[in-house]
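Protein chains: 2
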Amino acid sequence: MIKYQEIANDIRKNILAGQYLSGVQLPLEKEMCAQYNVSRITIKKAVDELVKLGLVIKRRGAGTFVKSIDDEDAKDLSMARQFTGFTETNKGKTLRTEIIKFDVVHPDKEIAAKLQIATDDFVYDIIRVRFADGMPIVIEYTKMPINLIPGIKKDVLLKSIYFYIQHQLKLKIQSAHRSIRAISPNALEIEHLKVRDSFPLLEVEQIAFLDDGRAFEYSISHHRSDQIVFKSVSIRQ
Amino acid sequence: MIKYQEIANDIRKNILAGQYLSGVQLPLEKEMCAQYNVSRITIKKAVDELVKLGLVIKRRGAGTFVKSIDDEDAKDLSMARQFTGFTETNKGKTLRTEIIKFDVVHPDKEIAAKLQIATDDFVYDIIRVRFADGMPIVIEYTKMPINLIPGIKKDVLLKSIYFYIQHQLKLKIQSAHRSIRAISPNALEIEHLKVRDSFPLLEVEQIAFLDDGRAFEYSISHHRSDQIVFKSVSIRQ
DNA sequence: GAGTGGTCTAGACCACCCC
DNA sequence: GGGTGGTCTAGACCACTCG
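Top to bottom, those sequences are chains Z and X.
First residue of the first sequence? That's 38 in my numbering, and the numbers climb one at a time after it.
First residue of the second sequence? That's 38 in my numbering, and the numbers climb one at a time after it.
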């Protein structure tokens, strides 16, 4: 449908298929214009997608080149889906969710600030443990304003809140701001994640936003460190 | 110099100065065209920078809106420099580096693959502990091909390898691919980072690239978890 | 239906790299 | 000096939101 995405996909496939090897120069923008029969800006936008993905680099005055990366890394990059919840990232596995807590409370000052709501508004206060193939993977502490996300019940929590938000409420999720740290488990986590007190966890603190710019979720997830890797590509401006 | 960056900066400052409050609609693209006397594509590119930063959202058919974020988060986002080494991120502190190991070796198969070199090429094999204000912050295990980065000596390691690469060798760093995990310290780290064996560390595994697409560094950094937070903004496509 | 941002065009000039 | 990608223009049509 959208030309630049189709072209980006096409080039990406060619790279992954080994059409262009590591370090090799891609066709010039002008040549690709002719090849795909589009304007240069469209080609630029397509190739810029691949730069963001980390597959190629561009040098003014020289050309566009495939990065010198490992096949394994290349696949990683290509599948990189920066934005998915537990349900999506563990597709194909048998998932189970245990609800530890499910209340409605007033947010404390800090959380109210992060969600940009008042301390006398109400938020869900949820704690869940998520299992994949019978193994505990992560414990999630979630706070959501009930005004923005009404109607959550236990059956929603047992499946996927994100699915409910997008398909039942028909809301669109736009972005997430994350902070990542390493921490030690507390007593609750030692019990539910079945780890020892010396077992490190990866903490992901997240504020998630709807496409109208409102924050709809503040969550902290503590992941078993043997079950999660966080990947990122950063490009110098 | 570059118009869209200047405009992006100007709008960013206005948002941070409280000119536009959380949730408020920005002027229309058409209006900004008139205001800055540029074409619409230039305005689009400027505002897209702010979308990437996480400060605003755009909705086709509706307009552009400031995200509902905390002042503190806003500042974080605005300073977000995805790409810096130890020296940059700890500016203003008193830095010290201890060299634990500095050899030249053949890379093993896995590292050769990640750097896209042969196992009979040579790489520096470096281990360093970095201190800020007298406190150990991170231990870095670095491998670099000597062909790409020639002439490293102890005085370079004691300061900043990145500074040497950019200012002495006049090479440009383009990007880094990172994987982040939580781990436990090993004996070496317990000693040098002055932590107990139950103290969690944040591992950052990184492959860094020059602007010609060649990988010039494979490194693993183990950070004291009380001294590092990794931040990220992800936008749904 | 009026108005928004998203995509795309055809063309121009510029900064930069490399020969 | 010849050719690269980077920026920018003026204009067009489209998909979408909202009253």
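Every residue gets a Cβ at the ideal spot worked out from N, C-alpha and C, and that includes glycine.
Whole-angstrom distance between residue j and residue i, CA atom to CA atom
i	j	result
alanine 83 of chain X	glutamine 72 of chain X	13 Å
lysine 50 of chain Z	leucine 92 of chain Z	11 Å
arginine 133 of chain X	aspartate 140 of chain X	20 Å
isoleucine 183 of chain Z	phenylalanine 159 of chain Z	6 Å
aspartate 192 of chain X	tyrosine 255 of chain Z	46 Å
alanine 111 of chain X	serine 105 of chain X	10 Å
isoleucine 39 of chain X	aspartate 170 of chain X	38 Å
threonine 126 of chain Z	isoleucine 174 of chain Z	12 Å
glycine 129 of chain X	histidine 204 of chain X	20 Å
lysine 138 of chain X	lysine 190 of chain Z	57 Å
phenylalanine 168 of chain X	histidine 214 of chain X	24 Å
leucine 90 of chain X	leucine 65 of chain X	19 Å
alanine 45 of chain Z	glutamine 243 of chain X	25 Å
CB contact flag (residue i, residue j, <8 Å)
i	j	result
isoleucine 176 of chain X	isoleucine 217 of chain Z	no
valine 241 of chain Z	arginine 261 of chain Z	no
threonine 124 of chain Z	tyrosine 201 of chain Z	no
phenylalanine 102 of chain Z	leucine 53 of chain Z	no
glycine 188 of chain Z	isoleucine 94 of chain X	no
arginine 165 of chain X	isoleucine 186 of chain X	no
isoleucine 265 of chain Z	leucine 239 of chain Z	yes
serine 212 of chain Z	isoleucine 272 of chain X	yes
proline 237 of chain X	isoleucine 210 of chain Z	no
alanine 150 of chain Z	aspartate 107 of chain X	yes
lysine 34 of chain X	isoleucine 148 of chain X	Past the boundaries of the shown model lies residue 34 of chain X; chain X is included only from 38 to 274, so the question cannot be answered.
glutamine 153 of chain X	serine 59 of chain Z	yes
isoleucine 78 of chain X	methionine 69 of chain X	no
Any C-beta of chain X under 8 Å from that of residue i
i	result
arginine 218 of chain Z	yes
phenylalanine 139 of chain Z	no
valine 103 of chain Z	yes
alanine 224 of chain Z	no
arginine 215 of chain Z	yes
isoleucine 106 of chain Z	yes
glycine 250 of chain Z	yes
phenylalanine 246 of chain Z	yes
phenylalanine 267 of chain Z	yes
aspartate 110 of chain Z	yes
isoleucine 94 of chain Z	yes
Residue i at chain Z interface by Cβ criterion, 8 Å
i	result
leucine 239 of chain X	yes
serine 212 of chain X	yes
aspartate 234 of chain X	yes
isoleucine 272 of chain X	yes
lysine 231 of chain X	no
serine 59 of chain X	yes
glycine 100 of chain X	no
valine 180 of chain X	A small fix is needed here, since residue 180 of chain X is lysine in this sequence, not valine. False, the Cβ-Cβ gap to chain Z never drops below 8 Å.
glutamine 153 of chain X	yes
lysine 91 of chain X	This sequence places glycine at residue 91 of chain X; lysine is not what is there. It does: the Cβ of glycine 91 of chain X has a partner Cβ on chain Z nearer than 8 Å.
serine 76 of chain X	no
Residue i Cβ short of 7 Å to the ligand SAH heavy atom set
i	result
valine 88 of chain X	The ligand SAH is not among the ligands present in this structure, which contains no ligands whatsoever.
Residues that residue i bridges to, as DSSP identifies them
i	result
valine 270 of chain Z	X:His214
glutamate 135 of chain Z	Z:Val166
threonine 179 of chain Z	Z:Ile163 and Z:Ser256
phenylalanine 102 of chain Z	Z:Gln62 and Z:Ile94
alanine 245 of chain Z	Z:Ala213 and Z:Glu254
methionine 172 of chain Z	Z:Ala169
glutamate 240 of chain Z	Z:Arg218 and Z:His259
aspartate 140 of chain Z	Z:Asp162
Could you please tell me which residues of the stretch 252-263 of chain X, in chain order, have their CB closer than 7 Å to any CB of chain Z?
-> Residues of the stretch 252-263 of chain X with a C-beta less than 7 Å from any C-beta of chain Z: Ala252 and Ser262, listed in chain order.
Output, in sequence order along the chain, the residues in the stretch 41-53 of chain X whose CB is closer than 8 Å to any CB in chain Z.
-> Legend: CB atoms of the stretch 41-53 of chain X lying less than 8 Å from CB atoms of chain Z are not found in any residue.
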